[in-house]
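Trainee:
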Amino acid sequence: MALQLQHPLTFQSSKSPSSLPIRRSHLLRSPHRVSMASTIGVTSKETPNGKKPFMPPKEVHVQKTHSLPPQKVEMFHSLENWAEENLLVLLKPVEKCWQPQDFLPDAASEGFDEQVKELRERSKELSDDYFVVLVGDMITEEALPTYQTMLNTLDAVRDETGASLSPWAIWTRAWTAEENRHGDLLNKYLYLSGRVDMRQVEKTIQYLIGSGMDPKTENNPYLGFIYTSFQERATFISHGNTARLAKDHDNLKLAQICGIIAADEKRHETAYTKIVEKLFELDPNGTILALADMMRKKITMPAHLMYDGSDDNLFDNYSSVAQRLGVYTARDYADILEFLVQRWNVEKMTGLSGEGHKAQDFVCGLAPRIRKLEERAQARAKEASLAPFSWIFGKELTV
Numbered sequence: 245m246a247l248q249l250q251h252p253l254t255f256q257s258s259k260s261p262s263s264l265p266i267r268r269s270h271l272l273r274s275p276h277r278v279s280m281a282s283t284i285g286v287t288s289k290e291t292p293n294g295k296k297p298f299m300p301p302k303e304v305h306v307q308k309t310h311s312l313p314p315q316k317v318e319m320f321h322s323l324e325n326w327a328e329e330n331l332l333v334l335l336k337p338v339e340k341c342w343q344p345q346d347f348l349p350d351a352a353s354e355g356f357d358e359q360v361k362e363l364r365e366r367s368k369e370l371s372d373d374y375f376v377v378l379v380g381d382m383i384t385e386e387a388l389p390t391y392q393t394m395l396n397t398l399d400a401v402r403d404e405t406g407a408s409l410s411p412w413a414i415w416t417r418a419w420t421a422e423e424n425r426h427g428d429l430l431n432k433y434l435y436l437s438g439r440v441d442m443r444q445v446e447k448t449i450q451y452l453i454g455s456g457m458d459p460k461t462e463n464n465p466y467l468g469f470i471y472t473s474f475q476e477r478a479t480f481i482s483h484g485n486t487a488r489l490a491k492d493h494d495n496l497k498l499a500q501i502c503g504i505i506a507a508d509e510k511r512h513e514t515a516y517t518k519i520v521e522k523l524f525e526l527d528p529n530g531t532i533l534a535l536a537d538m539m540r541k542k543i544t545m546p547a548h549l550m551y552d553g554s555d556d557n558l559f560d561n562y563s564s565v566a567q568r569l570g571v572y573t574a575r576d577y578a579d580i581l582e583f584l585v586q587r588w589n590v591e592k593m594t595g596l597s598g599e600g601h602k603a604q605d606f607v608c609g610l611a612p613r614i615r616k617l618e619e620r621a622q623a624r625a626k627e628a629s630l631a632p633f634s635w636i637f638g639k640e641l642t643v
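My numbering applies: residue 245 is where the sequence shown begins, and numbers increase by one.
Right, dumping it as structure tokens:
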């Protein structure tokens with residue numbers, strides 16, 4: 245619903261002496277105005293949005309941009325040959341890639357109806373909780389246009405033309421093309437299962453892509469590649485756990501689907517962690533500062549602006565179900581950080597500045613601290629509540 249304002253804001257046009265009245269209800273949540281400025285050095289903020297229909301339901305305000313020092317741009321340009329030799333080789337030729345149809349009933353075959361019937365019967369053995377997590381994972385995958393957009397905000401490595409032959413650009417487009425199969429496959433499986441309200445799911449996808457994401461990467465490839473290293477590891481774990489749960493319920497086809505997606509995520513994780521490893525080799529001080537910066541800000545999940553048209557807490561509720569099922573937990577977050585610290589030999593780094601040593605100490609001691617905080621939070625946890633999920637026809641689940 246649009247928020248009606250009694251006093252629309254008026255802006256002075258630079259091209260005309262007359263004032264140009266523009267109603268900007270999305271700037272107001274109360275009688276106070278919210279700044280939309282993109283300002284360096286200020287943390288971004290999310291605000292719920294209940295106004296003009298073309299505005300995202302949740303907005304991100306006051307974002308820091310272009311923090312990469314100019315002298316570092318040339319370093320990334322000089323790495324193009326390295327990227328060609330070390331990243332592009334991790335891509336698979338299209339003709340050798342699996343495709344969603346390899347794992348789904350064949351609509352052109354005479355046995356299609358029976359194949360769908362079997363898929364639906366198998367899906368009945370899985371809980372509503374499981375399907376909420378599977379839908380949330382699928383929606384996250386389907387917001388792929390946002391992730392390609394995010395990568396193409398990164399200074400020095402973006403695709404400048406949309407068809408650039410820079411190895412960085414080739415990687416981003418081919419990575420996107422490989423990832424595109426994940427959402428396609430899960431979407432079609434969920435449609436055929438008959439277990440979810442596909443219209444509500446589709447609305448959530450549209451809302452999410454329209455809202456975007458705020459990874460707090462500041463157009464900075466140091467921060468961007470640390471973020472993608474963490475996220476690829478997280479999606480590998482999440483899809484791997486949905487595969488495990490499907491196998492536990494003898495749904496071997498769904499286990500295979502989630503498992504093959506997890507394998508892709510693992511290969512992509514290898515690529516992004518290689519990039520950060522190279523940055524540590526060339527600029528250990530700058531890279532450890534970037535890692536500490538991202539961990540202080542916390543790694544934001546890519547679907548954190550998720551919305552279905554009614555539930556303002558949808559992402560938190562979905563995350564609670566995923567935590568309860570053991571698909572993706574706070575402990576996993578700490579484990580990923582610990583894995584990356586070991587992968588990049590952060591503890592053994594020498595020659596750092598005083599600030600770099602402080603960042604090193606912070607990062608290396610963070611995973612145990614996160615685990616302790618999680619244990620305390622679990623001990624203080626309030627009694628669970630129920631929340632409805634539109635994805636499963638409004639059924640209530642424990643969150």
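For every residue, glycine included, the Cβ atom is placed at its ideal position computed from N, Cα and C.
No experiment lies behind these values; they were computed from the predicted model shown.
1. Based on DSSP bridge pairs, tell me the residues matched to Thr642.
2. To test your reading of the DSSP string, which unbroken alpha helix (DSSP H) runs of 4 or more residues are found completely within the stretch 434-469?
3. Less than 8 Å between the C-beta atoms of Val520 and Phe583, yes or no?
4. Quick one: what does DSSP say Glu369 is sitting in, helix, strand or coil?
5. Counting pairs of beta carbons, one from the stretch 588-602 and one from the stretch 521-535, are three or more of them closer than 8 Å?
6. Under a Cβ-count criterion, where at least 16 other Cβ atoms within 10 Å of its own Cβ denotes burial, should Gly553 be classed as buried or exposed?
7. Which value, in whole angstroms, describes the spacing of the CA atoms of Lys432 and Gln475?
8. With a threshold of 7 Å on Cβ separation, who are the neighbours of Met538 within its own chain once the five nearest residues in sequence on each side are excluded?
9. So which of Val338, Met299, Asp492, Asp381 has the shortest CA-CA distance to Met545?
10. Suppose the cutoff is 8 Å on Cβ atoms and the five residues either side in sequence are ignored; what does the same chain contact list for Val317 look like?
11. With respect to 7 Å, is the separation between the Cβ of Glu369 and the closest non-hydrogen atom of the ligand GTP below this value?
12. DSSP three-state call for Val520: helix, strand or coil?
13. Distance check for Glu385 and Thr448, CA to CA, integer angstroms please.
14. Which term fits Val338, buried or exposed, when burial requires 16 or more other beta carbons within 10 angstroms of its beta carbon?
15. With burial defined as no fewer than 16 other Cβ atoms inside 10 Å of the residue's Cβ, what is the status of Ser322: buried or exposed?
16. How long is the line joining the alpha carbons of Thr514 and Gln359, rounded to whole angstroms?
17. Reducing DSSP to helix, strand and coil, say where Val304 ends up.
18. Let me make sure I understand the geometry here. Which of Ser371, Phe298, Ala490, Gln450 has the alpha-carbon closest to that of Cys502?
19. Using CA atoms only, rank isn't needed, just tell me which of Glu328, Glu365, Asp372, Leu523 is closest to Ala418.
20. Between which two residues does the alpha helix (DSSP H) holding Tyr551 run?
21. Using 8 Å as the Cβ pair cut-off and three pairs as the minimum, do the stretch 632-642 and the stretch 598-618 touch?
22. By Cβ distance, which residues of its chain are closer than 7 Å to Pro411, with the 5 residues on each side in sequence left out?
23. Look at Thr405 and Gly456 and say whether their C-beta atoms are less than 8 Å apart.
24. Which residue comes first and which comes last in the alpha helix (DSSP H) that contains Ala621?
25. Which residue's Cα is closest to the Cα of Asp579: Pro344, Asp357, Arg477, Ala351?
26. Alpha carbon to alpha carbon, how far is Ala625 from Lys460?
27. Determine the closest residue to Ser473 out of Asp346, Asp357, Tyr577, Phe320, with distance taken between C-alpha atoms.
28. Grab me the residues of Gln392's own chain with a C-beta within less than 6 Å of its C-beta, minus the 5 sequence neighbours each way, in chain order.
29. Hey, out of Glu619, Phe375, Asp357, Lys510, whose CA is closest to Glu422's CA?
30. Within the continuous alpha helix (DSSP H) that includes His321, where are the two ends?
31. On the criterion of 16 or more Cβ atoms from any shown chain inside 10 Å, does Gly609 qualify as buried, or is it exposed?
32. To the nearest whole angstrom, what separates the beta carbons of Asn495 and Gly570, a pair I think is in contact under 8 Å?
33. Within the same chain, show all residues whose beta-carbon is closer than 6 Å to that of Ala536, passing over the 5 residues directly before and after it, in chain order.
34. Could you spell out the range, first to last residue, of the alpha helix (DSSP H) harbouring Lys541?
35. Does DSSP put Ala507 in a helix, in a strand, or in coil?
36. What residue ranges within the stretch 557-588 form continuous beta strand (DSSP E) runs of no fewer than 3 residues, ordered along the chain?
Mentor: The relevant details are as follows:
1. Against the sequence shown, residue 642 aligns to sequence position 398. Note: Thr642 sits in a beta bridge opposite Leu630.
2. For the stretch 434-469, whole alpha helix (DSSP H) runs of length 4 or above, ordered along the chain, are 442-455.
3. Residue 520 sits at position 276 when you count from the first residue of the sequence shown. Residue 583 sits at position 339 when you count from the first residue of the sequence shown. Taking 8 Å as the Cβ cut-off, Val520 and Phe583 do not qualify as a contacting pair.
4. Locating residue 369 in the sequence shown gives position 125, where the first residue counts as 1. It is coil, neither helix nor strand.
5. Output reads yes: the stretch 521-535 touches the stretch 588-602.
6. Your numbering for residue 553 matches position 309 in the sequence shown. Gly553 should be labelled exposed.
7. Counting from 1 along the sequence shown, the entry for residue 432 is found at position 188. Counting from 1 along the sequence shown, the entry for residue 475 is found at position 231. Rounded to whole angstroms, the gap between the alpha carbons of Lys432 and Gln475 is 24 Å.
8. Here residue 538 is taken as the residue at index 294 of the sequence shown, counted from 1. Scanning its chain for C-beta atoms nearer than 7 Å, with the 5 sequence neighbours on each side dropped, one finds around Met538 the residues Leu467, Ile470, Tyr471, in chain order.
9. Against the sequence shown, residue 545 aligns to sequence position 301. Cα-wise, what sits closest to Met545 is Asp381.
10. Here residue 317 refers to the residue found at position 73 when the sequence shown is read from its first residue. Cβ within range, chain order: Asp399, Ala400.
11. The ligand GTP is absent from the structure shown, which contains no ligands of any kind.
12. Residue mapping note: residue 520 aligns to position 276 of the sequence shown, counting from 1. Three-state result, Val520: helix.
13. If you number the sequence shown from 1, residue 448 lands on position 204. If you number the sequence shown from 1, residue 385 lands on position 141. Their backbone Cα atoms lie some 12 Å apart in a straight line.
14. The residue given as residue 338 occupies position 94 in the sequence shown. Using a 10 angstroms sphere on the CB of Val338, the tally of other CB atoms stays under 16, which defines it as exposed.
15. As a working note, residue 322 is residue 78 in the sequence shown. Exposed, by the Cβ-count rule.
16. If you number the sequence shown from 1, residue 514 lands on position 270. If you number the sequence shown from 1, residue 359 lands on position 115. Near 36 Å, if we compare the C-alpha coordinates of Gln359 and Thr514.
17. Within the sequence shown, numbered from 1, the residue matching residue 304 stands at position 60. In this structure, Val304 counts as strand in the three-state DSSP scheme.
18. Taking the first residue of the sequence shown as 1, we reach residue 502 at position 258. Closest option to Cys502, judged by alpha-carbon separation, among Ser371, Phe298, Ala490, Gln450: Ala490.
19. By 1-based counting over the sequence shown, the position of residue 418 is 174. Comparing alpha-carbon positions, the option among Glu328, Glu365, Asp372, Leu523 lying closest to Ala418 turns out to be Glu328.
20. By one-based count along the sequence shown, residue 551 stands at place 307. Premise fails: Tyr551 is in no alpha helix (DSSP H) and is neither H nor E.
21. Result no; under three Cβ-Cβ pairs closer than 8 Å.
22. Residue numbering aside, residue 411 sits at position 167 when the sequence shown is read from its first letter. Beyond the five residues adjoining it in sequence on each side, Pro411 comes within less than 7 Å, by CB distance, of Glu324, Ala327, Glu328, Leu331, Leu332 in the same chain, given in chain order.
23. Against the sequence shown, residue 405 aligns to sequence position 161. Against the sequence shown, residue 456 aligns to sequence position 212. Taking 8 Å as the cut-off, the Cβ atoms of Thr405 and Gly456 do not count as close.
24. Along the sequence shown, read from residue 1 onward, the residue named residue 621 stands at position 377. Looking at the DSSP string, the run of the alpha helix (DSSP H) that includes Ala621 is 598-623.
25. Here the question's residue 579 lines up with position 335 in the sequence shown. Closest by alpha carbon: Arg477.
26. In the sequence shown, counting from the first residue as 1, residue 625 sits at position 381. In the sequence shown, counting from the first residue as 1, residue 460 sits at position 216. One C-alpha to the other measures close to 29 Å.
27. By one-based count along the sequence shown, residue 473 stands at place 229. Closest by alpha carbon: Tyr577.
28. Here residue 392 is taken as the residue at index 148 of the sequence shown, counted from 1. Taking Gln392 as the centre and dropping the five residues before and after it, the same chain places the C-beta of Thr420 closer than 6 Å to its C-beta, in chain order.
29. As a first step, residue 422 must be located in the sequence shown, where it is residue number 178. Checking every option, the nearest Cα to that of Glu422 belongs to Lys510.
30. Taking the first residue of the sequence shown as 1, we reach residue 321 at position 77. That run of the alpha helix (DSSP H) goes 314-322.
31. Position 365 of the sequence shown, counted from the first residue, corresponds to residue 609. Result: exposed.
32. On the sequence shown, residue 495 is found 251 positions in, with the first residue counted as 1. On the sequence shown, residue 570 is found 326 positions in, with the first residue counted as 1. Their Cβ separation, rounded to whole angstroms, is 17 Å, which puts Asn495 and Gly570 out of contact at 8 Å.
33. By 1-based counting over the sequence shown, the position of residue 536 is 292. Result list for Ala536: Ala603, Phe606, Val607, in chain order.
34. On the sequence shown, position 297 is the one that residue 541 refers to. 528-541 is the extent of the alpha helix (DSSP H) around Lys541.
35. Here residue 507 corresponds to residue number 263 of the sequence shown, with the count starting at 1. The DSSP-derived three-state label of Ala507 is helix.
36. Fully enclosed beta strand (DSSP E) runs of 3 or longer: not present.
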